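Q:
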Amino acid sequence: MRVALIQMRVTADKAANLRTACEKIRAAKQAGADIAVLPEMFCCPYENRCFRAYGEPEGGEVQETLSRLAAELGLYIVGGSIPELAEGNVYNTSFVYGRNGQLLARHRKVHLFDIDVEGGQSFRESDTLSPGNAVTTFETEFGTCGLCICFDLRFEELARCMCLRGAKVLFVPAAFNMTTGPAHWELLFRQRAVDNQCFTVGVSPARDEHASYVAYGNSMAVDPWGTVLCRAGAEETTLLADLELNRLEAVRKQLPILSARRTDLYEVRER
Numbered sequence: 010m011r012v013a014l015i016q017m018r019v020t021a022d023k024a025a026n027l028r029t030a031c032e033k034i035r036a037a038k039q040a041g042a043d044i045a046v047l048p049e050m051f052c053c054p055y056e057n058r059c060f061r062a063y064g065e066p067e068g069g070e071v072q073e074t075l076s077r078l079a080a081e082l083g084l085y086i087v088g089g090s091i092p093e094l095a096e097g098n099v100y101n102t103s104f105v106y107g108r109n110g111q112l113l114a115r116h117r118k119v120h121l122f123d124i125d126v127e128g129g130q131s132f133r134e135s136d137t138l139s140p141g142n143a144v145t146t147f148e149t150e151f152g153t154c155g156l157c158i159c160f161d162l163r164f165e166e167l168a169r170c171m172c173l174r175g176a177k178v179l180f181v182p183a184a185f186n187m188t189t190g191p192a193h194w195e196l197l198f199r200q201r202a203v204d205n206q207c208f209t210v211g212v213s214p215a216r217d218e219h220a221s222y223v224a225y226g227n228s229m230a231v232d233p234w235g236t237v238l239c240r241a242g243a244e245e246t247t248l249l250a251d252l253e254l255n256r257l258e259a260v261r262k263q264l265p266i267l268s269a270r271r272t273d274l275y276e277v278r279e280r
C-alpha cells in the first residue's frame, strides 16, 4: 500500500485550498499512490470563528469534488477534515472515498480539543464544534483501516477499538500546534503503533508562522515496530510511504501483545 501524506499550506481561501488539494492528489496518483491523505481542516483556517462560516452540509462542494476525483483517478482519498454542518451543529469531520468515488467512511472527531497549557497553547473546540460518537473503520482491498482526527489519537481506548476491529493502519488527519507538537507528536504516533502493532499515518497542514493557530507540520508514518518510515519538516510537501502490511503479522508473532491480553482482568471493580 503506497500512501501519499499531503502536507499542504492552508489559507483563508476555501476554493484555493480545494484546488491545491486536488492538484496534489493528482500528483500523488502519478507517483503511484493507492491512498492520498489530506490534513485536518484543509479547507479552513483553524479558528473557531471560521468553522461554521466555512462549513458545508452533506453532499457539499468539497465532498462532491473529492468523490469525483477519487473515481476519476481510481484511488482512495482520506479527505483530511472539514467543518460539517448537520442537525444544527458543526462537526470536525473526515470523509473517506473509495476507488469508485463511493463514500466509505465518515468520522466526526470524538474528543474535542479543549486545552489550556500553562505558558503555551489555549484552545476550545467545544465553543463551536460538537463531538461525534463513533469508532470508525473502513474496508479496502488491503484490509481494514481505522480513522480518527488529531486529539482522538491521545485516547488509547479509541485506537484499541479500531485495532480490535481489524485495522492494520490508523489514518489521522491532525493539526498539532507548536506547544503539543514538539512534546507529543512523534511520541503518540510511535506509541499507538507499538501498543496496537499497526501502522499509524499522521498528516498535518504545513506550518504558517503568520497564522493565528500555527500547525506543527511533521507529517509522518510509523510501522508496527515503532520505526518512523518517513517524516516531513514544517514545509509544504508530499511524502510517499510504502506500507508493507505483512509486517503486522511478523511483529505480532514476535511480540504477542494482542493475543496475550488478559481481558478477564481489565476492569475496575470495587473492593
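Residues 10 to 280 in this note's numbering are what the sequence shown lists, from first letter to last.
Every residue, glycine too, gets a C-beta built ideally from N, C-alpha and C.
Values in this document were obtained by computation on a predicted structure and should not be read as measured data.
Can the beta-carbon of Ala21 be found closer than 8 Å to that of Leu47?
A: Their beta carbons are not under 8 Å apart, which means Ala21 does not touch Leu47 by this criterion.
Q: Considering just the uninterrupted stretch of the beta strand (DSSP E) at Asn101, what are its terminal residues?
A: First-last of the beta strand (DSSP E) with Asn101: 98-106.
Q: Just to confirm, are Gly83 and Arg108 a CB contact at a threshold of 8 Å?
A: Yes, the pair counts as a contact, with Cβ atoms nearer than the cut-off.
Q: Since Tyr100 contacts Lys118 with CB under 8 Å, what's their CB separation in whole angstroms?
A: Contact flag correct, Cβ pair sits at about 7 Å.
Q: Which one of Leu257, Asn186, Leu197, Ala250 has the shortest CA to CA distance from Tyr225?
A: Ranking Leu257, Asn186, Leu197, Ala250 by Cα distance to Tyr225 puts Asn186 first.
Q: Any chance the stretch 203-212 sits against the stretch 157-170, with 3 or more Cβ pairs inside 8 Å?
A: Taking 8 Å as the limit for Cβ pairs, the verdict is that the stretch 157-170 does touch the stretch 203-212.
Q: Would the beta-carbon of Ile158 fall within 8 Å of that of Glu65?
A: It is not a contact, given that the beta carbons lie outside the stated cut-off.
Q: Let me know if Leu196 comes out buried or exposed under the rule of 16 or more other beta-carbons within 10 Å of its beta-carbon.
A: Classification for Leu196: exposed.
Q: Does the Cβ of Ala269 have 16 or more other Cβ atoms within 10 Å, making it buried, or fewer, making it exposed?
A: Ala269 comes out exposed.
Q: Which value, in whole angstroms, describes the spacing of the CA atoms of Phe60 and Ala243?
A: Each residue's alpha carbon lies about 24 Å from the other.
Q: Would you call Asp136 buried or exposed, if buried means 16 or more other Cβ atoms sit within 10 Å of its Cβ?
A: Asp136 should be labelled exposed.
Q: If distances are taken between C-alpha atoms only, which option among Arg199, Val71, Ala80 comes closest to Pro92?
A: Nearest of Arg199, Val71, Ala80 to Pro92, Cα basis: Val71.
Q: Could you check the C-alpha separation between Val12 and Ala79 for me, to the nearest Å?
A: Rounded to whole angstroms, Val12 to Ala79 spans 14 Å at the Cα level.
Q: Thinking Gly175 and Gly141 are a contact (beta carbons under 8 Å), I'd like their distance in whole angstroms, please.
A: Gly175 to Gly141, Cβ: 21 Å. No contact.
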